[in-house]
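Single-structure report; data block below.
Number of protein chains: 2
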Amino acid sequence: MNKSAPRGRRPGSPDTRAVILDIARRRFLAEGYHAVTLRSIAAEAGVDLALISYFFGSKKGLFGAALALAVNPAEVLAEALKGDPATFPQRVLRGVLAVWEDPVAGPTLIAMLRNAIQEPAFGALVKEVVEREIVDRVAAWLGGAAARKRAAAFGVQIGGLIVTRYLLRLEPIASMTPDEIVRHLGPGLRRALQEPGQRQEPGQRPAGRPPGGDRS
Amino acid sequence: MNKSAPRGRRPGSPDTRAVILDIARRRFLAEGYHAVTLRSIAAEAGVDLALISYFFGSKKGLFGAALALAVNPAEVLAEALKGDPATFPQRVLRGVLAVWEDPVAGPTLIAMLRNAIQEPAFGALVKEVVEREIVDRVAAWLGGAAARKRAAAFGVQIGGLIVTRYLLRLEPIASMTPDEIVRHLGPGLRRALQEPGQRQEPGQRPAGRPPGGDRS
DNA sequence: CGGATTTATTCATCACCGTTGAAATGCTAC
DNA sequence: GTAGCATTTCAACGGTGATGAATAAATCCG
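Have a look at this one:
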C-alpha cells in the first residue's frame, strides 16, 4: 500500500499555497503557535512537510503569512476621531469592542497580541505601530499640556480592556455587555483625557480647549 | 578524557535540587520559557538531563517550581485598602509600581504573566486568583450598586498599566515616573470606582446616592 | 554492625520537532 | 521540442523533552 504521491509537480494548477495558508490560519487561531506542528499542517493539507518551508521559509513565516490579513486597528480610531469630541471615548469603546468581537478579525488580533507578548521581535512591531498610530494620533488630537501622557493614560485603559476581556477573560469584565462596558469605562476614560490638575465640571466638557488645539 | 561522572548517587550531600532551581530561575527570567532548554540547564548545573525530570517531572514543573516563591500581589491591595478611602487609587498605584519594579519580584511576575497569557492552564490559575483576591475584595470594600462591575473597571486600568508598561513597554507609559503615573492615572481610576450615572463633585467623595440598589 | 530500602544520579533510547539539500516532475516560454 | 522554472517529495540532520533501566550512596532497622 504505497500511497506516496509521485515526486514532482502535480498536474493541473492546484493552489496548494492557499490551502496550506487556510489550514494554518485555522489551526493557529484555534490552538496557538506552539501547539501546532508543521507536520500536522502538512498532513492535513495532504502535502509534504518540506513544501511549507519552500513556500513560507519557516514556521514563523507561515504564522506571519497566515495572520497577515487582519483589519487595521488604526481605522477604528480614525473613525472615532471624527465625531463630537464629547463622546469620543464612547465611540472608541464601541469601535474596539466591535473589532475585537468580530468573528474573523477578533481571533486574529488575539492571536497576534498573544504572540507579540511572548515574542520580542514580533512585540517590537506591535509596540511601534501602537505608539505611532494610536498614541501619537490621540495626542495630536488632544493638544494641550502633556498631551502624549494623557493619550498614554487613555491607551492604558483601552489596552487593559483588551487584555482582561479577551486575553485573560477575567470576570466580570469578560461577560459584561458593550453597554455596560461603555457605562463603566467611559467616565474614567474621559477623565484620563483631561489635564490632571483639572476638576471635572458637571454637565459639560472641560472648557477652554477647542479640539484643534496646540501641540503638547 | 572520560569525564563522565560515576553512575549512582554522589558522595556528600550536595543540594543539587536547589542548584538546578537557582539556575533555572535565572535563565527563565532572562531568556523566557521556550528559549531555555533543559539540556542547557543540566549542563550548567553539571548534571544529567534526566535528573531534572526526576526532580520536577517536566519542563513546566521546573518552571513552576522555579518561579513559585514570588510575592503575593494581594498584599499590596490589602495594604492599600486600609488607609483613607479618598486616596485609595493613589496608594494602589504606588503599591503596584513598587512591586512590579522590585528587582526580584518584578521580573518574576512579568515572566509569570507572560506565560499565563499563552498557556491556558497557567492562565486559568491567574484568572482565578485575580478574580478572587482582587476584584472580589475591591467590590466588597466598595459596596453599593454594581460594585463588582466598578471593581472590574478599576482592575482593567491596573491591568492595562501592567501590560503596557511592563510587558509591551509602550511609550510614553514605560518611561513615565511613578509621580507622573499617579498624576495621570489616578483621576480616571477614582472615577471608575464611582457609580456610572453620577457626576463628580469637586473635592469630596461621592455623596450619598439614592439607596435604590438596582443591580445593573 | 549489616542487610534492605529509599534516594540520587547517569546512560541509552524514544518519538517528535523544524530545517535543509537533492532529486523528480509538471508547466511555460522560446 | 526543449531549456528553464515552479512545485513537490524524499531523506537526512541536529536538537528537543521524556522515560526506563542500571548503579551507587545515604538511610533505616534489626
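If you read the sequences in order, they're chains H and C.
Start counting the first sequence at 1378; every next residue gets the next number (our numbering).
Start counting the second sequence at 1378; every next residue gets the next number (our numbering).
In this text, a Cβ means the ideal position worked out from N, Cα and C, and glycines have one as well.
Just so you know, these numbers come straight off a predicted model, no measurement behind them.
Classification of residue i by the beta-carbon crowding that lies within 10 angstroms, buried from 16 upward
| i | result |
| --- | --- |
| Lys-1526(H) | buried |
| Pro-1450(C) | buried |
| Leu-1502(H) | exposed |
| Glu-1452(C) | exposed |
| Tyr-1410(C) | buried |
| Pro-1388(C) | exposed |
| Val-1481(C) | exposed |
| Glu-1456(C) | exposed |
| Arg-1560(C) | buried |
| Ala-1427(H) | exposed |
Own chain residues within Cβ distance below 7 Å of residue i, not counting five before or after
| i | result |
| --- | --- |
| Leu-1562(C) | Leu-1470, Gln-1534, Leu-1538 |
| Gly-1565(C) | Gln-1534 |
| Gly-1590(H) | The predicted position of Gly-1590(H) is uncertain, since its pLDDT is 40 and thus under 50; a value taken from the coordinates is nonetheless stated next. So the qualifying residues of the chain are Gly-1520, Gly-1521. |
Inter-residue spacing [alpha-carbon to alpha-carbon] between residue i and residue j
| i | j | result |
| --- | --- | --- |
| Ile-1397(H) | Glu-1548(H) | 37 Å |
| Glu-1594(C) | Ala-1516(C) | Lying outside 1378 to 1593, the shown extent of chain C, residue 1594(C) is not represented and no answer is given. |
| Arg-1416(H) | Ala-1407(H) | 17 Å |
| Ile-1494(H) | Glu-1478(H) | 20 Å |
| Ala-1530(H) | Leu-1570(H) | 7 Å |
| Leu-1544(C) | Arg-1384(C) | 44 Å |
| Arg-1542(H) | Pro-1484(C) | 24 Å |
| Ala-1394(H) | Asp-1425(H) | Reading off the sequence shown, one finds Arg at residue 1394(H), where the question assumed Ala. So the two alpha carbons sit approximately 12 Å from each other. |
| Ser-1593(H) | Leu-1454(H) | Note that Ser-1593(H) scores a pLDDT of 40, beneath 50, so its modelled location is shaky; the value from the coordinates is reported in the next line. Each residue's Cα considered, the two are about 20 Å apart. |
| Arg-1403(H) | Leu-1486(H) | 13 Å |
| Glu-1496(C) | Ala-1382(C) | 37 Å |
| Ser-1430(H) | Ala-1422(H) | 14 Å |
| Val-1540(H) | Gly-1532(C) | 11 Å |
| Val-1376(C) | Met-1553(H) | Residue numbering for chain C in the displayed model covers 1378 to 1593; residue 1376(C) lies beyond these limits and cannot be assessed. |
| Gly-1460(C) | Ser-1435(C) | 44 Å |
| Phe-1557(H) | Leu-1458(H) | It is worth fixing the name first, because residue 1557(H) is Glu in this sequence and not Phe. The alpha-carbon atoms of Glu-1557(H) and Leu-1458(H) are separated by roughly 22 Å. |
| Thr-1414(C) | Lys-1437(H) | 19 Å |
| Phe-1499(H) | Glu-1510(H) | 17 Å |
| Gly-1392(H) | Ala-1488(C) | First, the amino acid is wrong: residue 1392(H) is Asp here, not Gly. Approximately 41 Å, taken between the alpha carbons. |
Beta-carbon proximity list for residue i, same chain, < 6 Å, skipping 5 on both sides
| i | result |
| --- | --- |
| Pro-1466(C) | Gly-1563, Leu-1566, Arg-1567 |
| Ala-1401(C) | Ile-1418, Leu-1439, Ala-1443 |
| Ala-1551(H) | Arg-1542 |
| Phe-1432(C) | Arg-1394 |
| Gly-1518(H) | The identity of residue 1518(H) in the sequence shown is Trp, whereas the question assumes Gly. The answer, listed in chain order, is Leu-1458. |
| Leu-1490(C) | none |
Segment limits, alpha helix (DSSP H) that includes residue i
| i | result |
| --- | --- |
| Leu-1474(H) | 1465-1478 |
| Arg-1509(H) | No alpha helix (DSSP H) contains Arg-1509(H), which DSSP labels as neither H nor E. |
| Pro-1555(C) | 1555-1570 |
| Thr-1485(C) | 1482-1495 |
| Val-1533(H) | 1524-1539 |
Own chain partners of residue i with C-beta closer than 8 Å, once the 5 adjacent residues on each side are dropped
| i | result |
| --- | --- |
| Val-1476(C) | Val-1448, Pro-1450, Val-1453, Ala-1482, Gly-1483, Leu-1486 |
Length-filtered (4 minimum) alpha helix (DSSP H) runs lying within the region 1392-1452 of chain C: 1393-1408, 1415-1422, 1426-1433, 1436-1443
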